[in-house]
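Number of protein chains: 2
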Amino acid sequence: MIVRDYNEAVNSRRRIDSDGWHSVRLLLKDDGMGFSFHITTIHEGAELEMQYANHLESVYCISGEGDIEDCATGEIHQIRPGVIYALDKHDRHILRARKEMQMACVFNPPVTGREVHDETGAYPLEAEPV
Amino acid sequence: MIVRDYNEAVNSRRRIDSDGWHSVRLLLKDDGMGFSFHITTIHEGAELEMQYANHLESVYCISGEGDIEDCATGEIHQIRPGVIYALDKHDRHILRARKEMQMACVFNPPVTGREVHDETGAYPLEAEPV
Chain A
1067 MIVRDYNEAV NSRRRIDSDG WHSVRLLLKD DGMGFSFHIT TIHEGAELEM QYANHLESVY
1127 CISGEGDIED CATGEIHQIR PGVIYALDKH DRHILRARKE MQMACVFNPP VTGREVHDET
1187 GAYPLEAEPV
Chain B
1067 MIVRDYNEAV NSRRRIDSDG WHSVRLLLKD DGMGFSFHIT TIHEGAELEM QYANHLESVY
1127 CISGEGDIED CATGEIHQIR PGVIYALDKH DRHILRARKE MQMACVFNPP VTGREVHDET
1187 GAYPLEAEPV
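The listed protein sequences correspond, in order, to chains A and B. Here this note's numbering is used: the first residue of the first sequence is 1067, the next is one more, and so on. Here this note's numbering is used: the first residue of the second sequence is 1067, the next is one more, and so on.
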């Protein structure tokens, strides 16, 4: 059994910071669960265009307020606590936070923790540290 | 892109009720994500002994307070918002809620939504409706 605490992990190497967001990776590939689990904070006012070519991701809103635009259709979905979106088609999307949002994110395949978002906003599959 | 809202799903067939807990399945096997995602509420005072022989599960505490006992070691871990536990060894465990707990649960392989907990507390793999 693995037990971890966000409140400790947020001050550890499990936290990564980027423009408009930071993320705490509570479960990674090495944990052997077959998925990774991250608590990601989208900063107030952030607008992030993203597409994960190599991963499926679901995102559940714990707190905050914003919206997500599906770039394929132009449709905009409101995000508030209790809303989940799942990028089942590697959907390109734009995420906007009107108020800081805390999100529970699941990635399949699991993130290794060594990826960086590349120029398309994607995580490369099985990236190795360089 | 799939978008769902817990606040609607909680009044739908996505909700299942059992002794001491209820669960809302926001993503199931049919969604094709390779995992399922549930928001599960453990009722105040509940004490649940469980073991999933056929699934790996991670559980992140969004709200509430309780503890989890690892039956293999007797160790008891406190649960409060931000704590995650992952049953990476199909661990038999006892979950106790001192205050009602809301948990974000991920199952691999994904739950189909047709399982019932059997007499060992496990979900059978690929159960079909009877």
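Note that CB positions come from ideal geometry on N, CA and C, so glycine has one too.
Could you tell me the boundaries of the beta strand (DSSP E) in which residue 1135/A lies?
1122-1136
Could you name the residues of chain A that residue 1119/B contacts, counting a contact when the two beta carbons are closer than 9 Å?
Neighbours of residue 1119/B in chain A, taken as residues at a C-beta separation under 9 Å, are lacking, since the least C-beta distance is about 15 Å.
Could you give the distance in angstroms between the alpha-carbon of residue 1164/A and the alpha-carbon of residue 1085/B?
So the two alpha carbons sit approximately 39 Å from each other.
DSSP state of residue 1085/A, grouped into three classes?
coil
In chain order, what residues of the same chain lie with their CB nearer than 6 Å to the CB of residue 1080/A, ignoring the 5 residues before and after it?
1090 and 1091
Taking the Cβ atom as the reference point for each residue, do residue 1105/B and residue 1137/B lie within a distance shorter than 8 Å?
no
In terms of residues, what are the limits of the alpha helix (DSSP H) holding residue 1074/B?
1072-1075
Can you check which of these residues, 1152/A, 1102/A, 1078/A and 1077/A, is closest to residue 1181/A by C-alpha distance?
1102/A
Do the region 1125-1139 of chain A and the region 1068-1076 of chain A touch if we need at least three Cβ pairs shorter than 8 Å?
The region 1125-1139 of chain A, when compared against the region 1068-1076 of chain A, does not touch it at the 8 Å Cβ threshold.
In this structure, does DSSP put residue 1155/B in helix, strand or coil?
If DSSP states are grouped into helix, strand and coil, residue 1155/B belongs with coil.
Determine the direct distance from the alpha carbon of residue 1157/A to that of residue 1126/A, and round the result to whole angstroms.
Our two residues, residue 1126/A and residue 1157/A, have alpha carbons roughly 16 Å apart in a direct line.
Ordered along the chain, which non-local residues of its own chain (more than five positions away) have a Cβ less than 6 Å from that of residue 1108/B?
1087, 1163 and 1167
With a cut-off of 8 Å on the beta carbons, I'd call residue 1174/B and residue 1122/B a contact; round off their distance for me.
5 Å
Can the beta-carbon of residue 1099/B be found closer than 8 Å to that of residue 1147/B?
no
Mind checking residue 1067/B: buried by the 16 CB within 10 Å criterion, or exposed?
buried
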